[in-house]
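Counting with mature numbering (1 follows the signal peptide of the UniProt record, and there is no 0), you get residues -22 to -1, 1 to 188 for the letters of the sequence shown. Scroll down for the structure; my scribbles are underneath it.
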Amino acid sequence: MAKTTALLLSLVLFIIAAVANAQQCGRQRGGAVCSGSLCCSQYGWCGSTPEYCSPSQGCQSQCGGSVPTPTPGGGGASAQNVRATYHLYNPQNVGWDLNAVSAYCSTWDANKPLAWRSKYGLTAFCCPVGPRGRDSCGKCLRVTSANTRTGAQTIVRIVDQCGNGGLDLDVNVFRQIDTDGVGNQRGHLIVNYQFVDCGDNLNVSLVIYG
């Protein structure tokens, strides 16, 4: 009986260890990306809650999945094989203050609620496909690495302009997509992007019963 109990306990511990190992991701697992479009938390675990998916919580890849998951919209414009560099916005260090990071869009969006400003990682946008200037401010992109080895993706919000003909991602967003570190070595990534609905508009109907 004791041997059977010990065997069962060992089997349970083995299964738990295997499941835990399968759920690890990000830099803790050599740049692995979560399956099923789950987010990779700052601690290297897969999940779908804001603790896993929010850039402000240190999400590493496929971020924005449950805050909520944006659906194609916002014009739907898209482009492939776009050059993406990185910029040291580090908004988490300044309370997501768009004025403090000298973002072009701060003129219109600096007074947005903190929840709006910190909902997604930041990017500058200067691609040929999609709205430009003020018309691009506040819009969201689903950015996917063109690196077929990883396919990492995340959602970003446009807050700035740039001059590289592509995207200038916040360094934290850049790292979320650059799961194998190749982009950091080269100084840029090649990505695909699509404009998506940010999910900011929550229409609540007030019904008064008389």
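The beta-carbon is built from N, C-alpha and C at its ideal position, and this holds for glycine as well.
Shortest alpha-carbon distance to residue i belongs to which of the options?
i      : options                       : result
Leu92  : Val72, Gly111, Val107, Pro109 : Val72
His166 : Gly14, Phe173, Thr132, Leu147 : Leu147
Gln172 : Asn150, Gln131, Asp156        : Gln131
Thr122 : Arg95, Arg153, Ser96          : Arg153
Which value, in whole angstroms, describes the spacing of the CA atoms of residue i and residue j?
i           : j      : result
Gln58       : Ser26  : 27 Å
Arg61       : Asn77  : 26 Å
Ala88       : Arg135 : 13 Å
Tyr98       : Ser80  : 17 Å
Arg164      : Cys31  : 27 Å
Tyr82       : Gln139 : 6 Å
Gln6        : Ile168 : 23 Å
Cys115      : Cys24  : 31 Å
residue 199 : Gly161 : Outside the displayed span of the chain (-22 to 188) sits residue 199, for which this structure offers no information.
Tyr67       : Val149 : 7 Å
Gln38       : Ser96  : 15 Å
Val11       : Thr63  : 21 Å
Can you list, in chain order, the residues of its chain with a C-beta nearer than 7 Å to that of residue i? Leave out the 5 residues immediately preceding and following it.
i      : result
Tyr187 : Any reading at Tyr187 must be qualified, since the residue scores a pLDDT of 41, below 50, and its modelled position is unreliable; no value is offered.
Asp156 : Asn162, Leu167
Trp94  : Asp178
Does the distance between the C-beta of residue i and the nearest non-hydrogen atom of the ligand FAD fall short of 7 Å?
i     : result
Ala88 : This structure simply doesn't include the ligand FAD, nor any ligand for that matter.
Which of the three DSSP states is assigned to residue i in this structure?
i      : result
Asp146 : strand
Cys105 : coil
Report all residues from its chain with a CB closer than 6 Å to the CB of residue i; omit the five preceding and five following residues, and keep chain order.
i      : result
Asn179 : none
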